[in-house]
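Trainee: As you go down the protein sequences, you meet chains A and B in turn. Here the working numbering is used: position 231 in the first sequence is 214, and no number is missing along the way. Here the working numbering is used: position 170 in the second sequence is 876, and no number is missing along the way. Note that the Cβ used here is the ideal one computed from N, Cα and C, for glycine as well. Please read all numbers here as calculations on a predicted model, not as lab measurements. Structure in structure tokens, see below.
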Amino acid sequence: MAASMNGPGTAGIVARAQALFDDLSFTAAREWKAAGPARKVIGYMPIYVPRELIHAAGFLPLGIVGGGDQLEVIHGDAYYQSYICRIPRSTIELGVSGRLDFVDGMLFPSICDVIRNLSGMWKTMFPHVYVRYFDVPQTYRDDIGGNYYIHELAELRDDLGALRGSPITDDELRGSIAVYNDNRRLVRELYAFRAQSPWQAPAAEVYLVLRAGLVLPVEEHSAMIRGYLAAVADEKRPRRDNCRIVLTGVFCEQPPLNLIKSLELAGCYVVDDDLLLITRWLVGDVDPEGDPLRNLALAFLHQSESTAAKYEPNLKEKGQHLVRAVRRSGAEGVIFACPSFCDPALLERPMLQHVLKDANIPYIAFKYAENSGQMQPIREQAGTFADSIKLWSGT
Amino acid sequence: MTTTFVTPKAAPAKEVEKDASMLKQKQMMAAHYDRLTRAPETGEKVCATFVPGNLNELIMCFDLVNNLPEVNAIQSGLRRQSGAYVLEAEKIGHSEDVCTYVKSDIGMMAKGNIGPNGQKMPDPDVLLLSYTGCFTFMKWFELLREQFKCETIMLQTPYLGDGKITRNMVEYMVKQLKEDVIPKLERVSGVKFDIDRLREYLKKSVAAEDDLVRVLQSAKSKPSPIDAYFGGIYYIGPIFGAFRGTDDAIEYYKFLRDEVEERLAGGKGPVTPDGDMGKEKYRLVVEGPPNYTNFRQFWKMFYDEGAVVVASSYTKVGGVYDLGFRHDPDHPLETLAEYCLGVYTNRSLPMRIEMLANYIREYDADGLLINSIKSCNSFSAGQLLIMREVEKRTGKPAAFIESDLVDPRYFSAANIKNRLESYFQMIEQKRAGARAAA
């Protein structure tokens, strides 16, 4: 668990991130909480919650993205039919098995019907925990969706202030916005570096470093990214004759780490993705001056990522974020990896595929679950895709 | 889940016995589909929207004809056409995992978009994305927008995660209506919005809503004169569809209420496709939508055993009138907002649990049956917890069956029948236990 970050190069940092990833008891977050009597931990699920509000209360935001492929789901399956995705059942497992017994609150963002309903399940099953379904606007005018969202943010701020025992001030919130702006800049830098030199920053490593941000205090996570960026360019790593792909559809239930590794082993450098989107949801800085709730609302309305859980009001703009991601990262193709039974990703996929087809961008698609164990078919499919790009692209 | 491939060509069915209100509704539906399919000739413009959050009164203010893709999918299911439509949609790239209403709709379009009256359905002029209680709706209309490239209007209904309607929610919806939805509908239709016209329609809605509630609550009697699930689906048709706010709906519900009250006075049970139901043996509350591809076969499994559904959640997806909601002509936009906010699928899981437990008590039901629908996560996610909680709170047994809305591959008659028979035995045992303890 307490792997050193002081090892040579990136190895120590990656080992620390891997240890955090492997720890299904969330020891780091437990230790953080135990360090002060007033400390509280607020869990959140994908895709987006304004972590600044939690941080401003002096609490730790804790990202919960299911149980992965190492968690044996015993109780969780009793709550879900076979045709429901895996993430809610492993999240229930985390809750029922006591692994989240130190969590004081849970936020369930507006992403799909399953996560939405899970908010009500959590209220029923864990009545002592603060639970909020966090709704966000699907209309983007400042005076309509913006005003609604500011009220929602204010309610959340009030609730968190009540949990703390004193209201969250604007100054506290402005301070937290600045801290998260810093973190987002570093994540953008990390992604830009990988897009430029994917052989230096393997997708699995970048993922682990990013994932650490779900359980660490943001300041510590920013330091981790800084350390990784400082060391990674000097790593001696072979440059392979891989193709470059954007991985999409992986914004909620996480693929197994082996799946990410398999893609690169099969000849596909991942140069952009929608993994752990909360770390890049806001694509620019939030204004740290002025009314902080308004600034967070405006950032959400006008500077947030496109994804399947979000309504796109402009038909011409539909799917263009993916085309832009391909162009920006110099990708040669797109891999749609969607969790089984994921309504948003799977309903969105045909529309995105049409857009890619019009833009002459090749793609493949497959499904996975967070506990998928058999990677051979995926390796074969990705390998064939890589070969086809290498052999036929540009002809 | 057991998967069964149902042969579309079943043995010839016995002629269904229909009561007069069913015949009247059939005429209304036929006239509506004729109006829709004639729209390209008559020049009437078409607005597609969804049942939960259906703003029929507002749509009528713009002389638009209301087209409900879910209802089209149901019609395809009842006519056993949806299986082929679903396969067609999967063939053109839609996942086997997603909502079969969507795939039936898209498959129907891919195969010529022929409506239930055998005529080509019109292209929509506007998609009113009344986004209430189901994320799939959003993707569904994005998919249709891609195909028809028409105006698409989002009306977001915030979810009642905390179990209450807040002022912020209502103000948000009213603002959307005033500043976005209505101006766009004016532009598409060329008709200026008249709030007094809306008020008139809303007054008519109230009259029909009152009568619907009388019909639904008649099931509190023993025996129940109605089946509030299988029969209830017919009863909600006009008010959930394109008739709320019309004289037709007032007449239909008045007619239906008279019929039901007559049955009540005569101590009769529900009318089934095979005529009057026999002795009422079991009173059930049902959660979840039905299967439509084998609707009659499904219903028969109940009435053959003397089981009647006295209350159901599915008949509240287009409004919870029995909980007291009525459209309010004095606050026309606010009432539209509150209507959307309150529909069953927009209610949090704890609200749903409470509602179902109350139904069991108020309707003196023997227990809860959940029909879990493979392709409807809005309903299905969390139903196993609902089952446990309702059992715990009421002390009444609950049971769980699985099927799908309009995908015949997920209707396993033998499996469902076995589970129902076991459930009825469980109820008998409970009763015997209660008698022994008394």
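(1) So, does the region 852 to 859 of chain B touch the region 783 to 797 of chain B, judging by three or more C-beta pairs under 8 Å?
(2) I228 of chain A by DSSP, collapsed to three states: which one?
(3) Out of B:V808, B:I798, B:I932, which has the shortest C-alpha to C-alpha gap to H337 of chain A?
(4) Please state whether the Cβ-Cβ distance between P92 of chain A and V32 of chain A is less than 7 Å.
(5) Along chain A, in chain order, which residues have C-beta atoms closer than 8 Å to that of T842 of chain B?
(6) Quick one: grab the DSSP three-state call for T1149 of chain B.
(7) Do V771 of chain B and L793 of chain B have their C-beta atoms closer together than 7 Å?
(8) Look up G1073 of chain B in the DSSP assignment and say whether it is helix, strand or coil.
(9) Determine the DSSP secondary structure at D341 of chain A, reduced to helix, strand or coil.
(10) So L908 of chain B and F768 of chain B are in contact, right, with Cβ under 8 Å, and what is the actual spacing, rounded?
(11) Assuming contact is defined by CB atoms lying nearer than 7 Å, are K1012 of chain B and K987 of chain B in contact in what I supplied?
(12) Any idea which residues DSSP pairs L835 of chain B with across the strands?
(13) With 7 Å as the threshold, decide whether the Cβ of D118 of chain A is near any Cβ in chain B.
(14) Is the Cβ-Cβ distance between D125 of chain A and Y865 of chain B less than 7 Å?
(15) Are the CB atoms of K881 of chain B and I127 of chain A nearer to each other than 7 Å?
(16) Determine the burial state of I932 of chain B: buried for a count of at least 16 other Cβ atoms within 10 Å of its Cβ, exposed for fewer.
(17) Classify G366 of chain A as helix, strand or coil using the three-state DSSP reduction.
(18) Considering only the beta carbon of each residue, do P995 of chain B and Y1027 of chain B sit closer than 7 Å?
(19) In chain order, what residues of the same chain have a beta carbon less than 7 Å from the beta carbon of S73 of chain A, not counting five sequence neighbours either side?
(20) Check each residue of the region 1071 to 1086 of chain B: if its Cβ is closer than 7 Å to any Cβ of chain A, include it; give the result in chain order.
(21) Using the Cα positions of L279 of chain A and P1035 of chain B, report the straight-line distance between them to the nearest angstrom.
(22) Looking at N760 of chain B and H134 of chain A, is the spacing between their C-beta atoms short of 7 Å?
(23) Do V396 of chain A and A11 of chain A have their CB atoms nearer than 7 Å?
(24) So with CB distances below 7 Å, who are the chain B contacts of Y62 of chain A?
(25) So which residues of chain B does K301 of chain A contact, with C-beta pairs closer than 9 Å?
(26) Hey, out of A:V215, A:E295, A:S287, whose CA is closest to I(-4) of chain A's CA?
(27) Does chain E have any CB closer than 7 Å to the CB of K340 of chain A?
(28) Report, in whole angstroms, the separation of the C-beta atoms of C95 of chain A and E236 of chain A, which I expect to be a contact under 8 Å.
(29) For the 8 Å Cβ check, are there 3 or more pairs between the region 77 to 84 of chain A and the region 263 to 281 of chain A?
(30) Go through the region 153 to 223 of chain A residue by residue and report every complete run of the alpha helix (DSSP H) that reaches 4 residues or more, in order.
(31) Within the continuous alpha helix (DSSP H) that includes I25 of chain A, where are the two ends?
(32) Any idea which residues DSSP pairs K826 of chain B with across the strands?
(33) Could you give the DSSP three-state label for A1143 of chain B: helix, strand or coil?
(34) Taking all protein chains shown into account, decide if P822 of chain B is buried (16 or more other Cβ within 10 angstroms of its Cβ) or exposed.
Mentor: With the structure as the only source:
(1) no
(2) Looking up residue 228 of chain A in the first sequence gives position 245. The answer is strand: DSSP assigns I228 of chain A an E or B state.
(3) For the purposes of this step, residue 337 of chain A is identified with residue 354 of the first sequence, where counting begins at 1. Comparing Cα-Cα distances from H337 of chain A to each of B:V808, B:I798, B:I932, the minimum goes to B:I798.
(4) For the purposes of this step, residue 92 of chain A is taken as the residue at position 109 of the first sequence. For the purposes of this step, residue 32 of chain A is taken as the residue at position 49 of the first sequence. Yes, Cβ-Cβ distance for P92 of chain A and V32 of chain A is below 7 Å.
(5) Counting from one through the second sequence, the residue named residue 842 of chain B turns up at place 136. Simply D96, D326, L330.
(6) Not covered by the structure: residue 1149 of chain B. The range shown for chain B is 707 to 1144.
(7) For the purposes of this step, residue 771 of chain B is identified with residue 65 of the second sequence, where counting begins at 1. For the purposes of this step, residue 793 of chain B is identified with residue 87 of the second sequence, where counting begins at 1. Cβ distance not < 7 Å, so V771 of chain B and L793 of chain B don't count as in contact.
(8) Numbered from 1 along the second sequence, position 367 holds the residue referred to as residue 1073 of chain B. Residue state, collapsed to three classes: strand.
(9) Locating residue 341 of chain A in the first sequence gives position 358, where the first residue counts as 1. Here D341 of chain A sits in helix by DSSP.
(10) Position 202 of the second sequence, counting from 1, holds the residue named residue 908 of chain B. Position 62 of the second sequence, counting from 1, holds the residue named residue 768 of chain B. That pair is no contact at about 15 Å.
(11) As a working mapping, residue 1012 of chain B is identified with position 306 in the second sequence. As a working mapping, residue 987 of chain B is identified with position 281 in the second sequence. According to the sequence displayed, residue 1012 of chain B carries Gly and not Lys. Closer than 7 Å, so yes.
(12) Your numbering for residue 835 of chain B matches position 129 in the second sequence. Bridge partners of L835 of chain B: B:M860.
(13) Taking the first residue of the first sequence as position 1, residue 118 of chain A is located at position 135. By this cut-off, D118 of chain A is an interface position.
(14) Numbered from 1 along the first sequence, position 142 holds the residue referred to as residue 125 of chain A. Numbered from 1 along the second sequence, position 159 holds the residue referred to as residue 865 of chain B. Not a contact, by the Cβ cut-off of 7 Å.
(15) If you number the second sequence from 1, residue 881 of chain B lands on position 175. If you number the first sequence from 1, residue 127 of chain A lands on position 144. In this structure, I127 of chain A lies closer than 7 Å to K881 of chain B by Cβ.
(16) Within the second sequence, residue 932 of chain B is the residue found at index 226, counting from 1. Buried is the call here.
(17) For the purposes of this step, residue 366 of chain A is identified with residue 383 of the first sequence, where counting begins at 1. Here G366 of chain A sits in helix by DSSP.
(18) Counted from its first residue, the second sequence places residue 995 of chain B at position 289. Counted from its first residue, the second sequence places residue 1027 of chain B at position 321. Going by C-beta atoms, P995 of chain B is not nearer than 7 Å to Y1027 of chain B.
(19) Taking the first sequence and counting its residues from 1, the one referred to as residue 73 of chain A is at position 90. Once the five neighbours on either side are set aside, the close Cβ partners of S73 of chain A are G49, G50, L54, V56, G59, E353.
(20) S1078, K1080, N1083, S1084, S1086
(21) The residue given as residue 279 of chain A occupies position 296 in the first sequence. The residue given as residue 1035 of chain B occupies position 329 in the second sequence. Cα to Cα, L279 of chain A sits roughly 37 Å from P1035 of chain B.
(22) Sequence index remark: in the first sequence, residue 134 of chain A carries index 151 (1-based). Sequence index remark: in the second sequence, residue 760 of chain B carries index 54 (1-based). The answer is no: Cβ separation not under 7 Å.
(23) Absent from the model: residue 396 of chain A. The displayed extent of chain A is -16 to 378, so no value can be given.
(24) In the first sequence, the residue the question calls residue 62 of chain A occupies position 79. Chain B residues near Y62 of chain A: L1090, L1091.
(25) Walking along the first sequence from the start, residue 301 of chain A turns up at place 318. Within 9 Å Cβ-Cβ: E848, R851, E852.
(26) Position 13 of the first sequence, counted from the first residue, corresponds to residue -4 of chain A. Ranking A:V215, A:E295, A:S287 by Cα distance to I(-4) of chain A puts A:V215 first.
(27) The chain labelled as chain E is not found among the protein chains of the depicted structure, namely A and B.
(28) Here residue 95 of chain A refers to the residue found at position 112 when the first sequence is read from its first residue. Here residue 236 of chain A refers to the residue found at position 253 when the first sequence is read from its first residue. Their Cβ separation, rounded to whole angstroms, is 10 Å, which puts C95 of chain A and E236 of chain A out of contact at 8 Å.
(29) no
(30) 153 to 179, 186 to 195, 201 to 215
(31) Walking along the first sequence from the start, residue 25 of chain A turns up at place 42. Looking at the DSSP string, I25 of chain A is not in any alpha helix (DSSP H); the run it does join, the beta strand (DSSP E), is 24 to 27.
(32) Residue numbering aside, residue 826 of chain B sits at position 120 when the second sequence is read from its first letter. DSSP output for K826 of chain B lists B:I820 as bridge partner(s).
(33) Position 437 of the second sequence, counting from 1, holds the residue named residue 1143 of chain B. Helix, per DSSP.
(34) Residue numbering aside, residue 822 of chain B sits at position 116 when the second sequence is read from its first letter. With 16 or more Cβ atoms within 10 Å of its Cβ, P822 of chain B is classed as buried.
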